[in-house]
Structure formats: C-alpha cells, structure tokens
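Novice: Questions regarding the structure given below will be posed in turn.
In UniProt numbering, the protein residues as written are 1 to 454.
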C-alpha cells in the first residue's frame with residue numbers, strides 16, 4: 001500500500017482532518033459558488049421574467065438530484081468499502097469495488113436519462129411547476145437529463161479519489177468543473193442568447209470535462225487502487241454491500257426530492273411563483289454553507305473508515321469531535337450574513353421588489369438553526385464510514401421524512417406561507433438533536449472498546 005493511504009492511521013487527527021477537509025471545502029465552495037452564479041446569470045438575463053426563470057431552476061433541481069442521489073450513494077458506498085479495504089490491507093477488494101462503482105455509475109446514469117426524459121412532463125407537474133414556470137423547467141431538464149451518466153460517474157469517482165486520502169486531486173476536479181462552468185455560463189446564456197437551456201448545456205459540458213479529469217487519476221498508475229479494464233464487471237457481493245451502505249445517502253437525496261413535491265406545491269398554493277423563486281435563491285445560498293460542511297464530512301470519512309478498519313477507535317472518536325466543532329464554527333458567518341442582511345443579498349439575484357420582500361422575510365426564518373446543521377451531516381457520514389447502515393438510514397430519513405414532511409403538511413394549514421418557512425428550522429432542530437444523541441451513544445461504545453484494547 002502506498003504511503004498516501006497509510007498516513008490516515010498515523011498523522012495527528014486535527015492536522016489530518018484539516019489536510020483532508022480543506023481541499024474538499026475549497027472544492028465544495030467553488031461548486032456552490034458556481035450554483036449561485038448560475039442563478040444570478042439566469043435572474044439577470046431574463047429581466048422581468050426572472051421570477052419564472054429562477055422558479056424553473058427550483059422545479060428542475062430536485063428532479064436532477066434524484067440522479068445525483070444515485071451517484072452519491074454509489075460514491076459514499078464505494079468510498080466506505082475502499083477506505084476500509086485499504087485499512088485492512090485488502091487491495092483486491094478495493095480494486096473490485098472501484099470497477100463495480102464505475103460500471104454501475106454508467107449503467108444507472110443512462111437508465112435514469114431514458115426514464116426521466118420519457119416521463120418529463122409528468123414529473124414537472126408533480127414537482128409543482130406552474131404554467132409560468134413550466135417552459136423554463138422543461139428547457140433546462142431536457143439537457144441535464146440527457147447527460148445524467150456524466151454526473152453519476154463523475155460524482156462517484158470523486159468520492160473514490162477521496163477514499164484513498166487524496167482529497168487534493170478531488171478538489172482540483174471540482175474546481176476545474178465548476179470554474180469551467182462559470183466561464184461557459186455567460187457564453188451560452190448571454191452571448192448565444194440560450195437562456196436556461198444554455199445554462200444546462202454549460203453544466204453538462206463542464207461536468208464531462210471534470211469527469212474525464214477525475215478518471216485520469218485511476219488510470220495514471222499513481223493511485224493505490226489502479227483501474228484495469230477487466231475490473232469493469234460488477235461484483236455481486238460488492239454490489240450488495242454498495243446497496244446496503246449507499247441506500248442511506250440515496251434516501252437523503254430522494255427524500256429531499258420527494259419533499260420538494262410538497263414544499264413546491266405548498267409554496268405555489270400559499271405564495272405563488274414569487275415564493276418558489278425566493279426559495280430557489282435561499283436554497284442556492286444555503287448551498288454555500290451545506291456543501292462546505294459536506295466537504296468536512298468528506299474529509300472525515302476516510303479517516304473514520306481507515307481507523308475503524310485498523311481498530312484505532314480513539315482516533316475515530318477524536319476525529320468526529322473535531323469535525324463537529326469545525327462544522328459549527330464554519331456555519332456561523334453564513335448565518336449572521338443571511339439573518340441580518342437578507343434584502344441586499346436577494347437583490348443580487350433579481351431587482352424584482354416583490355421577490356426581494358418575499359425572499360428576505362423567508363430567509364430570516366429558514367436559517368435559524370443553521371449554526372448546528374453540521375451535527376446531522378457529520379453524524380450521517382460517520383455511520384456510513386463505519387459501514388453501519390441502520391443508524392445512517394435513520395439519520396438520512398430524520399430531517400426530510402420524519403420531521404419536515406409532517407410539518408410542511410400541518411403548519412401551513414394554520415400559519416399559511418409562514419408555516420412553510422417555519423417547517424425548515426423546526427425540522428433542523430429535531431434532526432440535529434437526534435444525530436447528536438446517536439453519536440454520543442456510539443462514542444461511549446468506542447471508549448469502552450479502547451479501554452478493553454488497552
């Protein structure tokens with residue numbers, strides 16, 4: 001095994017977490033920034049139609065996230081298997097996992113493209129597309145769905161690169177793709193006057209370039225796990241393990257998408273297109289916080305997986321504590337900006353006064369529990385890295401299905417549009433509390449195991 005994987009079990013935990021998380025955080029920030037810029041370009045390019053254009057992105061996003069959920073499930077499941085296999089010196093298993101993830105990423109991506117395009121009109125209606133928003137959502141998704149295999153393979157490969165502890169290369173892949181997207185966006189949106197369709201073309205082309213960049217890592221011979229053509233055959237045992245571990249991450253994305261059916265329809269009922277567009281802006285801004293926190297979790301995962309495989313339980317516990325502290329501190333600046341300065345932030349996306357008023361009021365409510373959201377993200381990632389699907393599955397369901405769904409269905413009946421917005425911080429509070437409790441119980445188990453070991 002090469003040295004760049006072995007250091008996961010020897011380097012100081014705080015330094016190691018920073019070393020692995022910093023590239024992931026930077027990459028995620030660039031990716032989130034691209035999504036924000038993409039929305040700004042659409043809002044500014046469409047002028048008076050900015051509400052409908054941004055609303056189209058809101059409707060399209062959760063449908064696209066179903067494909068992303070497949071990729072994330074494959075990537076996290078595969079990275080968990082690979083990191084634990086490297087930790088326990090099972091290189092052949094890591095190689096088989098790599099090939100299986102590659103095959104499934106391509107196959108499932110194409111399957112999603114064909115299915116999604118066939119049912120596109122029905123999906124858009126189910127997810128809350130109004131007559132004004134429908135043309136923009138359809139134009140965007142027709143392009144994005146056609147390139148689903150590019151997204152599933154690319155995102156899964158990115159996670160596998162991190163599983164070896166090479167977060168820097170994964171970061172370069174994200175920065176390369178997002179940076180190219182930012183460059184291509186104005187070309188297709190403004191210069192070629194293609195609007196939302198141009199934004200979609202820029203996104204697919206950029207992801208294709210990033211995917212090729214990431215695949216080069218496993219073809220270069222510099223990785224611990226080297227891809228060989230004969231590995232591109234799915235291993236049934238590993239496929240089953242991928243499904244068990246990856247179902248949690250997929251459920252998170254699928255439940256996010258499913259929740260958007262209820263959220264979008266509630267927003268359309270109680271607030272109209274303006275409220276849908278306002279939610280789209282808030283969601284893009286929250287990605288500037290959520291995705292870097294996810295980057296911290298990505299940096300944490302190979303540490304937890306490797307040291308768990310090597311039975312170094314004290315390092316597992318220490319890395320989780322540091323990750324929770326960093327996640328909380330990282331969330332604070334975003335919370336303060338979004339809570340105290342919502343109006344000027346909304347106006348960056350659109351000059352529509354109605355959208356500014358609606359978005360500012362909603363933002364103050366939605367971000368109330370933002371500083372503590374890292375507990376849920378870190379908690380879910382920890383159990384995935386440990387190969388413990390049941391608690392990971394429970395946490396993946398907690399916010400969206402157990403808490404947010406009933407709140408979105410009940411609160412608007414009494415409080416109207418404010419009830420829709422209030423459902424988010426309440427569900428965040430409950431889900432973070434559950435994650436904290438489950439991690440504390442697991443932490444006590446590790447302490448007992450470490451005492452027995454000594």
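Glycine included, each C-beta is placed from N, C-alpha and C at the ideal position.
State the CB to CB distance for the pair residue 470 and residue 54, rounded to an integer number of angstroms; the pair is presumed to be in contact (CB under 8 Å).
Specialist: With the chain represented from 1 up to 454, any question about residue 470 goes unanswered, as that position is not in the structure.
Novice: In angstroms with no decimal places, state the Cα-to-Cα distance between residue 443 and residue 328.
Specialist: Mapped onto the chain shown, residue 443 falls at position 443. Mapped onto the chain shown, residue 328 falls at position 328. Going from the Cα of residue 443 to the Cα of residue 328 covers about 19 Å.
Novice: Out of 127, 120 and 128, state which residue places its alpha-carbon closest to the alpha-carbon of residue 138.
Specialist: Translated into positions along the chain shown, residue 138 becomes position 138. The residue with the shortest Cα to Cα distance from residue 138 is 120.
Novice: To which residues of the same chain is residue 69 closer than 6 Å at the C-beta, ignoring the five residues directly before and after it?
Specialist: Against the chain shown, residue 69 aligns to sequence position 69. Result list for residue 69: 250, 253 and 254, in chain order.
Novice: Measuring only the C-alpha atoms, how far is residue 110 from residue 149?
Specialist: As a position in the chain shown, residue 110 is number 110, starting the count at 1. As a position in the chain shown, residue 149 is number 149, starting the count at 1. Near 5 Å, if we compare the C-alpha coordinates of residue 149 and residue 110.
Novice: Per the contact definition of three or more C-beta pairs closer than 8 Å, is the segment 260 to 267 in contact with the segment 121 to 136?
Specialist: Yes: the two stretches touch, three or more of their Cβ pairs being nearer than 8 Å.
Novice: Once the 5 residues before and after residue 436 are set aside, which same chain residues still bring their CB inside 7 Å of it?
Specialist: Position 436 of the chain shown, counted from the start, is the residue given in the question as residue 436. Contacts found: 375.
Novice: Does the distance from the CB of residue 220 to the CB of residue 100 come in under 8 Å?
Specialist: Position 220 of the chain shown, counted from the start, is the residue given in the question as residue 220. Position 100 of the chain shown, counted from the start, is the residue given in the question as residue 100. In this structure, residue 100 does not lie closer than 8 Å to residue 220 by Cβ.
Novice: Could you pull the start and end residues of the alpha helix (DSSP H) that residue 350 belongs to?
Specialist: Against the chain shown, residue 350 aligns to sequence position 350. From DSSP, residue 350 is part of no alpha helix (DSSP H); its letter is neither H nor E.
Novice: Please classify residue 62: is it buried, with 16 or more other beta-carbons within 10 angstroms of its beta-carbon, or exposed?
Specialist: Counting from one through the chain shown, the residue named residue 62 turns up at place 62. By the neighbour-count rule (16 or more Cβ atoms within 10 Å), residue 62 is buried.
Novice: According to DSSP, is residue 2 helix, strand or coil?
Specialist: On the chain shown, residue 2 is found 2 positions in, with the first residue counted as 1. For residue 2, the predicted model reports a pLDDT of 47, less than 50, meaning its position is unreliable; a value from the coordinates is still stated below. DSSP places residue 2 in coil when its eight states are reduced to three.
Novice: So the candidates are 288, 309, 356 and 44; which of them puts its Cα closest to the Cα of residue 373?
Specialist: As a position in the chain shown, residue 373 is number 373, starting the count at 1. Residue 288 is the option with its Cα nearest to residue 373.
Novice: What number of angstroms, rounded off, separates the C-alpha of residue 388 from the C-alpha of residue 43?
Specialist: Numbered from its first residue, the chain shown carries residue 388 at position 388. Numbered from its first residue, the chain shown carries residue 43 at position 43. Distance between the alpha carbons of residue 388 and residue 43 is about 43 Å.
Novice: Considering only the beta carbon of each residue, do residue 177 and residue 206 sit closer than 8 Å?
Specialist: Counting from 1 along the chain shown, the entry for residue 177 is found at position 177. Counting from 1 along the chain shown, the entry for residue 206 is found at position 206. Yes.
Novice: In angstroms, rounded to a whole number, what distance separates the CA positions of residue 294 and residue 20?
Specialist: Indexing the chain shown from 1 puts residue 294 at position 294. Indexing the chain shown from 1 puts residue 20 at position 20. Straight-line Cα distance between these residues: approximately 12 Å.
Novice: What residue ranges within the segment 81 to 160 form continuous alpha helix (DSSP H) runs of no fewer than 4 residues, ordered along the chain?
Specialist: Runs of the alpha helix (DSSP H) inside the segment 81 to 160: 91 to 118, 120 to 126 and 134 to 146.
Novice: If we cut at 8 Å on Cβ distances, does residue 140 have a partner in chain C?
Specialist: In the displayed structure, chain C is absent; only one protein chain is listed.
Novice: Could you check whether residue 36 and residue 277 sit closer than 8 Å to each other, using their CB atoms as the reference points?
Specialist: Taking the chain shown and counting its residues from 1, one reaches residue 277 at position 277. Taking the chain shown and counting its residues from 1, one reaches residue 36 at position 36. No; because the gap between Cβ atoms is not below 8 Å, this pair is not in contact.
Novice: State the Cα-Cα distance for the pair residue 180 and residue 285, rounded to the nearest angstrom.
Specialist: Locating residue 180 in the chain shown gives position 180, counting from the first residue. Locating residue 285 in the chain shown gives position 285, counting from the first residue. Rounded to whole angstroms, residue 180 to residue 285 spans 20 Å at the Cα level.
Novice: First and last residue of the alpha helix (DSSP H) that includes residue 48?
Specialist: Counting from 1 along the chain shown, the entry for residue 48 is found at position 48. Premise fails: residue 48 is in no alpha helix (DSSP H) and is neither H nor E.
Novice: Do you know how far the Cα of residue 72 is from the Cα of residue 152?
Specialist: As a working mapping, residue 152 is identified with position 152 in the chain shown. As a working mapping, residue 72 is identified with position 72 in the chain shown. If you take the alpha carbons of residue 152 and residue 72, they lie about 8 Å apart.
Novice: With distances taken Cα to Cα, identify the nearest neighbour of residue 419 among 428, 407 and 438.
Specialist: Residue mapping note: residue 419 aligns to position 419 of the chain shown, counting from 1. Minimum Cα distance to residue 419 is reached at 407.
Novice: With burial defined as no fewer than 16 other Cβ atoms inside 10 Å of the residue's Cβ, what is the status of residue 93: buried or exposed?
Specialist: Taking the first residue of the chain shown as position 1, residue 93 is located at position 93. Buried is the call here.
Novice: Could you tell me how far apart the beta carbons of residue 75 and residue 160 are, in whole angstroms, since I believe they sit closer than 8 Å?
Specialist: Position 75 of the chain shown, counted from the first residue, corresponds to residue 75. Position 160 of the chain shown, counted from the first residue, corresponds to residue 160. The Cβ separation is near 7 Å, so the contact holds.
Novice: What residue does the alpha helix (DSSP H) around residue 194 start on, and which one ends it?
Specialist: Within the chain shown, numbered from 1, the residue matching residue 194 stands at position 194. First-last for residue 194: undefined, no H or E at that position.
Novice: For the pair the segment 391 to 410 and the segment 418 to 433, tell me if three or more CB-CB distances fall below 8 Å.
Specialist: Yes, the segment 391 to 410 touches the segment 418 to 433.
Novice: How would you label residue 47, buried or exposed, when you count the other beta carbons within 10 angstroms and need 16 or more for buried?
Specialist: Mapped onto the chain shown, residue 47 falls at position 47. Result: exposed.
Novice: So, helix, strand or coil for residue 241, using DSSP?
Specialist: As a first step, residue 241 is located in the chain shown; it is residue number 241 there, counting from the start. Helix.
Novice: For residue 280, report the span of its alpha helix (DSSP H) as first-last.
Specialist: Here residue 280 is taken as the residue at index 280 of the chain shown, counted from 1. From DSSP, the alpha helix (DSSP H) with residue 280 extends over 273 to 309.
Novice: Short of 6 Å in beta carbon distance, which residues of its chain neighbour residue 417, apart from the five on each side in sequence? Order them along the chain.
Specialist: Counted from its first residue, the chain shown places residue 417 at position 417. So the list reads 270 and 271, once near-sequence residues are dropped.
Novice: What did DSSP end up calling residue 166 once you bin it into helix, strand or coil?
Specialist: As a working mapping, residue 166 is identified with position 166 in the chain shown. Three-state DSSP puts residue 166 in coil, outside helix and strand.
Novice: So residue 305 and residue 170 are in contact, right, with Cβ under 8 Å, and what is the actual spacing, rounded?
Specialist: Translated into the one-based positions of the chain shown, residue 305 becomes position 305. Translated into the one-based positions of the chain shown, residue 170 becomes position 170. About 15 Å; that fails the 8 Å criterion.
Novice: Along the chain, where does the alpha helix (DSSP H) containing residue 369 start, and where does it finish?
Specialist: The sequence position of residue 369 within the chain shown is 369, counting from 1. It is not in any alpha helix (DSSP H) - residue 369 carries neither H nor E in the DSSP assignment.
Novice: Mind checking which residues open and close the alpha helix (DSSP H) that includes residue 318?
Specialist: To locate residue 318, count along the chain shown from 1; it is residue 318. Segment 313 to 340, the alpha helix (DSSP H) holding residue 318.
Novice: Go through its chain and collect everything with a Cβ distance to residue 4's Cβ below 8 Å, but skip five positions before and after it.
Specialist: Position 4 of the chain shown, counted from the first residue, corresponds to residue 4. With a pLDDT of 48 at residue 4, under the threshold of 50, the modelled position of this residue cannot be trusted; read the value that follows with caution. If we look at residue 4 and ignore the five residues flanking it on each side, its Cβ neighbours are 164, 165, 166 and 224.
Novice: Using the C-alpha atoms, what's the distance from residue 404 back to residue 414?
Specialist: Position 414 of the chain shown, counting from 1, holds the residue named residue 414. Position 404 of the chain shown, counting from 1, holds the residue named residue 404. The straight-line gap from Cα to Cα measures roughly 16 Å.
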